[in-house]
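Right, dumping it as structure tokens:
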């Protein structure tokens, strides 16, 4: 069966069957074909499986113009217009949100396999959607599946595993451009997803086709398409898409984008040929033109190198048989700073490339630079969001270490709170039960943020291990000091106060450069324990000692960090700690102090972590 139909049998527009595709070019009628047709006069075989019949040579040429817009037909656009032509796709061709395909690279051989159904199976068996005759590939090796609006690949327990971008996986999300390697084979599968066919791709396909419109019309369409790229895609995907459509517009064979702010820092970011295959080898381009364009800031547009003066002294162009070369610097909108360079070339003479005007090429470069800047800003936002989430996780871990339920004792009550000034902080507290009582610690690592929090966690772990092994407070602090001096070398230090509370009210205090602790009686009388030593981690020869004291029943031992005592109000006055008798004897002294401090600061944000721990003798 073939796709031909006589002119007289074609229904009128009002009653045309839904499976017909209609073009207003005279004498051109075609419909989707269910299978490949036997070749005969007037029937054209295309990868879209469309056919014509009984048409003249003039109409055949017009029909070829329609088929030039292959991405439109293959993507399923529902309606497209351009000057002189109009066509609509009905029935069996529907708008596609995603079109996925796999580019198979096996040595020097390459092919494209469309993914028409999911799951898409990969393996050595003949019944796989993608059958790879390679001994390193298992019979049932992997499968690509839909995952909501995205895609995932799963290894099916293959013998040699599956790599995605060089990493072995069991299951992984797939993004357009990801490189899949089944096992230890030399086969590379490039996963490609084309999105938004009915807008950007349709628009750019109109540009890429042979248009009767002016250069200005092409420029207008290209700029419209470029605006649609400004979405949430990553930089590499944006650039790959940009190169793909630039190749269509110019008719060049290869396109590369180099990024960097100088010739010395330029690096290949992406490359494509006119078949959509990725190119990561730039050894066969004209590096001298890349160099000159980057250093001079001027574009190089060589339409036919056989007669162009730019070729003199450029042996690589002759050696690689390059006929057309374009190199255009990419510069930012807000400055003349170099962002990178767009490079296009062809080994064959291309009339399309020769006809593309300088203004069009400069517009391409300008929009490419804008895309780079926008994509970098969006990438920075994504990186900031990722960092924020990581900081939230770190803060949650840190708080879970400190804010876990404090132990209960029959002879004492312990209360504590720590509030970092950023997501994570360098303060920590801990309460460690031991045989004869417990050890309470408040510490403050110099600095803020992640580095201080990381060191605080290390010190907390060291002290916990030392104390649980039976080491005394003095020996524990000496060990921490030796560690910091040996490993941190004065870049960070820590102040801390540790109290070994024994059942019966006796306390052993060690103060390493920290805010002095207080003992508060039931009547509100405060005693500041001023005896102490230098901060920990500054001098390897430093020595530390303990101070004994006795707490009567009802007395409270208050340990603070300087974030509490040095909290400031709008006038720059510090909160202090010697006028808190009423707060220290309140039923909930920590809540009372933090509430009073909040009122005092009048909304001034904290500049340091705030930590407080209270031990009350109850028996």
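In the working numbering, the protein residues as written are -6 to 612. Yeah, the Cβ is synthetic: ideal placement off N, Cα and C, and Gly gets one too. Only a predicted model underlies this, so the values are computations on that prediction, with no experimental measurement involved.
Could you tell me the boundaries of the alpha helix (DSSP H) in which residue i lies?
i	result
residue 452	442 to 461
residue 590	582 to 594
residue 287	280 to 289
residue 273	Per DSSP, residue 273 belongs to no alpha helix (DSSP H) and is neither H nor E.
residue 577	574 to 577
On the three-state DSSP scale, how would you describe residue i?
i	result
residue 238	helix
residue 468	helix
residue 116	strand
residue 379	helix
residue 531	coil
residue 564	coil
residue 601	coil
residue 292	coil
residue 207	A caution first: residue 207 carries a pLDDT of 47, below 50, which makes its placement in the model unreliable, though a value can still be read off. Three-state result, residue 207: coil.
residue 618	Residue 618 is absent from the model: the chain starts at -6 and stops at 612.
residue 515	coil
residue 124	strand
residue 129	coil
residue 104	strand
residue 166	strand
residue 232	helix
residue 399	coil
residue 484	coil
residue 476	helix
residue 570	coil
residue 109	coil
residue 314	coil
residue 416	coil
residue 359	helix
So the beta strand (DSSP E) residue i belongs to, where does it begin and stop?
i	result
residue 323	317 to 324
residue 249	247 to 252
residue 339	331 to 339
residue 557	Here residue 557 belongs to no beta strand (DSSP E); instead the alpha helix (DSSP H) covers 555 to 558.
residue 519	519 to 521
residue 257	Note, residue 257: premise wrong, no beta strand (DSSP E); not H, not E.
residue 161	160 to 162
residue 156	155 to 157
Name the one or two DSSP bridge partners that residue i has.
i	result
residue 624	The shown model of the chain, from -6 to 612, leaves out residue 624, and the question about it has no answer.
residue 182	97 and 173
residue 266	247
residue 499	543
residue 143	140
residue 422	435
residue 609	406 and 549
residue 411	604
residue 430	427 and 495
residue 135	115 and 148
residue 526	505
Counting only the same chain and skipping the five closest in sequence on each side, list residues whose C-beta sits under 6 Å from that of residue i.
i	result
residue 567	559 and 561
residue 504	490 and 525
residue 383	none
residue 547	515
residue 178	127, 129 and 130
residue 555	508
Between residue i and the rest of its own chain, which residues show a CB-CB distance below 7 Å, the 5 nearest in sequence each way excluded?
i	result
residue 573	586
residue 475	533
residue 592	none
residue 266	246, 247 and 272
Go through its chain and collect everything with a Cβ distance to residue i's Cβ below 8 Å, but skip five positions before and after it.
i	result
residue 98	180, 181, 182, 183 and 270
residue 230	168, 169 and 170
residue 521	509, 510, 511 and 571
residue 385	416
residue 535	474, 526, 527 and 529
contact_flag[the stretch 562 to 578, the stretch 522 to 537] where n(CB pairs < 8 Å) is 3 or more: With the cut-off at 8 Å, the stretch 562 to 578 and the stretch 522 to 537 do not touch.
Cβ contact (3+ pairs, closer than 8 Å) linking the stretch 371 to 386 and the stretch 400 to 407: Note that the stretch 371 to 386 does not touch the stretch 400 to 407; fewer than 3 beta-carbon pairs, one per stretch, sit closer than 8 Å.
The stretch 511 to 521 in contact with the stretch 439 to 453 per 3-pair CB rule at 8 Å: Counting Cβ pairs under 8 Å, fewer than three are found: no touch.
Stretch pair the stretch 108 to 122 + the stretch 158 to 166: three plus CB contacts closer than 8 Å: Verdict: no, contact absent.
Three CB pairs or more closer than 8 Å across the stretch 117 to 132 and the stretch 149 to 158: At 8 Å Cβ cutoff, the stretches touch.
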